[in-house]
Amino acid sequence: MLKLWGRRSSANVQKVLWLIGELDLPHDLIPAGGGFGGLDDPAFRAMNPHGKVPVIADGAVVVWESHAILRYLAATYGENRF
Ligand SMILES: N[C@@H](CCC(=O)N[C@@H](CS)C(=O)NCC(=O)O)C(=O)O
Numbered sequence: 000m001l002k003l004w005g006r007r008s009s010a011n012v013q014k015v016l017w018l019i020g021e022l023d024l025p026h027d028l029i030p031a032g033g034g035f036g037g038l039d040d041p042a043f044r045a046m047n048p049h050g051k052v053p054v055i056a057d058g059a060v061v062v063w064e065s066h067a068i069l070r071y072l073a074a075t076y077g078e079n080r081f
């Protein structure tokens with residue numbers, strides 16, 4: 000299942016959640032950033048060396064930067080709708 004690290008109070012996370020909703024993709028939201036912390040954990044830094052949310056993992060594919068994530072999700076699941 001698609002995993003998304005982030006917090007709902009982040010606009011950059013909200014845009015990813017919006018597209019996940021449009022695409023009706025099952026996902027796990029893993030709280031990270033803000034008061035949740037975790038961005039300096041070595042395992043998180045291994046996914047995103049900039050230590051920012053959002054980050055997604057789709058199987059073995061890890062993507063960070065919100066607009067790169069949007070483009071990945073649209074290209075992979077959007078069926079030319081986006
Ligand atoms: N250009 C990045 C910006 C990412 C960014 O600045 N994320 C903020 C939240 S909007 C963040 O991780 N802040 C640290 C935190 O939440 O603790 C993107 O579009 O994903």
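Numbering that gives the first Met the number 0 applies: residue 0 is where the sequence shown begins, and numbers increase by one.
Heads up, the beta-carbon is just placed ideally off N, CA and C, and yes, glycines get one too.
Straight-line CA distance for residue i to residue j?
| i | j | result |
| --- | --- | --- |
| L28 | G77 | 20 Å |
| G34 | V61 | 23 Å |
| W17 | A31 | 18 Å |
| L24 | L1 | 8 Å |
| M46 | W63 | 8 Å |
| I68 | A74 | 10 Å |
| H26 | R44 | 21 Å |
| G20 | P48 | 27 Å |
| R6 | L72 | 19 Å |
On the criterion of 16 or more Cβ atoms from any shown chain inside 10 Å, does residue i qualify as buried, or is it exposed?
| i | result |
| --- | --- |
| S65 | buried |
| F81 | exposed |
| G58 | exposed |
What three-state label does DSSP hand residue i in the structure shown?
| i | result |
| --- | --- |
| G20 | helix |
Evaluate the contact criterion for the stretch 48 to 62 versus the stretch 1 to 16: three or more CB pairs, one atom per stretch, below 8 Å. Proximity of the stretch 48 to 62 to the stretch 1 to 16 meets the contact definition, three or more beta-carbon pairs being nearer than 8 Å.
What ranges does the alpha helix (DSSP H) occupy inside the stretch 31 to 60, keeping only unbroken runs of at least 4 residues that lie completely in it? Note on the stretch 31 to 60: whole alpha helix (DSSP H) runs with a minimum of 4 residues are 41 to 46, in chain order.
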